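Counting the sequence shown from 1 gives a position; the working numbering is that position plus 5.
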Amino acid sequence: MGRSRHLVAVVAAGLLLTSCADRSAPEPAFPEETRSVGASPTANRPPADPVGLIGSWTVTEVAGAAGGILRIAPADQGGLSWFGPCGVSTGMWRAGADGLFLADLSDHMLPDAPGCRPGPGRTPAWLRQTTAFRLEKDILVLLDEQGRQVARLLPGAKPTPGPNLLPSLAEPPVITPEVRRAFAPAAVLPAHLRPVSRDDLRGRWVPAGRDSGRAHVELRDDGEWRGSDGCNGQGGRWVAGAGGALLATAGPSTLIGCDNVPLASWLAKATRAGMDGEVLVLLNAEGQESGRLVRG
């Protein structure tokens, strides 16, 4: 077993952090030219089109919280960035054509402002409560699990890079044909699997059919998950929806060498989940299995 080195992202940065494309699905009815997201990123888009999330947004109508700018971009363009009152934090996000949305900040990149509590990346309370989205013309509405409004986001924000942040992380994200294809609806759950509910998913799971040692994942009531690949602690956020929809993020982890099980990667690639008897089956956007788990 090797020693713990530095913190690294569990999932490669090239992962688009979304429900990846069902290649058999029809192409979205969008013009195919590459564009930079500016003042009107959601115009003429369906109410739950995940591509409409991409852009820089001014956060408004958040009860008891200060405003700021939320930049939502593909992973290879910086992923998620929160320009808040305590500096800039970055992290991951996922979304689906069914309206599910999940965000998780893990890295704090700029010094704290006076009065801010020190620590790693901070996911604001309003963003932790968000599990879904709705597009109302040019306005992005974030919703909690009861469908109540959490915040309204106005398009066209212009974040300030600051001295310790790459200027590219403040530029408008670019939507390419590849990005559009990656956000196409995921494959439906195979008929032999029973769609899981949130209640089905909660609890502790271990890899099926193998001696996995300490490898496990626990999906918690508060939308967090914690676990281990067998030697590295891991965690993130998760949300479930209709038809077996499942989205999860995976935060940073130590990198200790061992015969591990890539549970965080299984979760971060999943878009659907179903029960095969007592076995939980995770599937990616193409409908291929990414992992199998049992209660443990």
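We treat Cβ as the ideally placed atom computed from N, Cα and C, and that holds for glycine. From a predicted model like this one, the values you see are computed outputs, not experimental measurements.
Does the separation of the CB atoms of residue i and residue j fall below 9 Å?
{"i": "P164", "j": "L145", "result": "no"}
{"i": "G228", "j": "R133", "result": "yes"}
{"i": "L285", "j": "S295", "result": "no"}
{"i": "G235", "j": "A250", "result": "no"}
{"i": "A108", "j": "A53", "result": "no"}
{"i": "G240", "j": "G256", "result": "yes"}
{"i": "G214", "j": "L268", "result": "no"}
{"i": "T63", "j": "L105", "result": "no"}
{"i": "A191", "j": "G292", "result": "yes"}
{"i": "R207", "j": "R225", "result": "yes"}
{"i": "E223", "j": "R242", "result": "no"}
{"i": "V244", "j": "A156", "result": "no"}
{"i": "R300", "j": "V201", "result": "no"}
{"i": "V193", "j": "G246", "result": "no"}
{"i": "F280", "j": "D205", "result": "Before going on, a small fix: residue 280 reads as Met here, not Phe. Result yes, Cβ atoms of M280 and D205 sit closer than 9 Å."}
Across which residues does DSSP place residue i in a beta bridge pair?
{"i": "R139", "result": "V146"}
{"i": "I77", "result": "G60, L85"}
{"i": "L159", "result": "T63"}
{"i": "F106", "result": "A100"}
{"i": "H221", "result": "S233"}
{"i": "P200", "result": "G279"}
{"i": "E294", "result": "L288"}
{"i": "P129", "result": "Answer by DSSP bridge pairing: none, since P129 is not bridged."}
{"i": "R242", "result": "E229"}
{"i": "G208", "result": "L224"}
{"i": "R300", "result": "W210"}
{"i": "G252", "result": "Residue identity differs from the one stated: residue 252 is Leu in this sequence, not Gly. Partner(s): V244."}
{"i": "Q154", "result": "L148"}
Quick test of your reading: residue i and residue j, contact by CB under 8 Å. State the CB separation rounded to the nearest angstrom.
{"i": "A71", "j": "P90", "result": "5 Å"}
{"i": "A278", "j": "N289", "result": "At roughly 11 Å, the Cβ-Cβ gap does not stay under 8 Å, so A278 and N289 are not in contact."}
Taking the alpha carbon of residue i as the point to measure from, which residue in the options has its own alpha carbon closest?
{"i": "G238", "options": "D226, C263, G214", "result": "C263"}
{"i": "P129", "options": "G73, E141, A278", "result": "G73"}
{"i": "G84", "options": "P55, L174, T65", "result": "L174"}
{"i": "P178", "options": "V244, R277, A162", "result": "A162"}
{"i": "A80", "options": "D205, K142, A137, E183", "result": "E183"}
{"i": "W271", "options": "A245, M280, A253, V56", "result": "A253"}
{"i": "L170", "options": "P55, N265, S94, R277", "result": "S94"}
{"i": "V56", "options": "R300, K274, R185", "result": "R185"}
{"i": "R307", "options": "S86, Q82, V67", "result": "Here the chain covers residues 6 to 301 and nothing more, so residue 307 does not appear."}
{"i": "L158", "options": "L298, A275, E176, W131", "result": "W131"}
{"i": "V266", "options": "W230, L58, R297", "result": "R297"}
{"i": "D3", "options": "G60, D281, N289, W230", "result": "It is not possible to answer for residue 3, since the shown part of the chain is limited to 6 through 301."}
{"i": "W230", "options": "L58, A273, Q154", "result": "A273"}
{"i": "R139", "options": "M280, E176, L58", "result": "L58"}
{"i": "T65", "options": "Q154, E150, D149, D112", "result": "Q154"}
{"i": "I180", "options": "E141, Q82, F88", "result": "Q82"}
{"i": "F88", "options": "E176, G152, D205", "result": "E176"}
Checklist entry - Taking three-plus beta-carbon pairs below 8 Å as touching, is the region 91-103 in contact with the region 196-204? => result no
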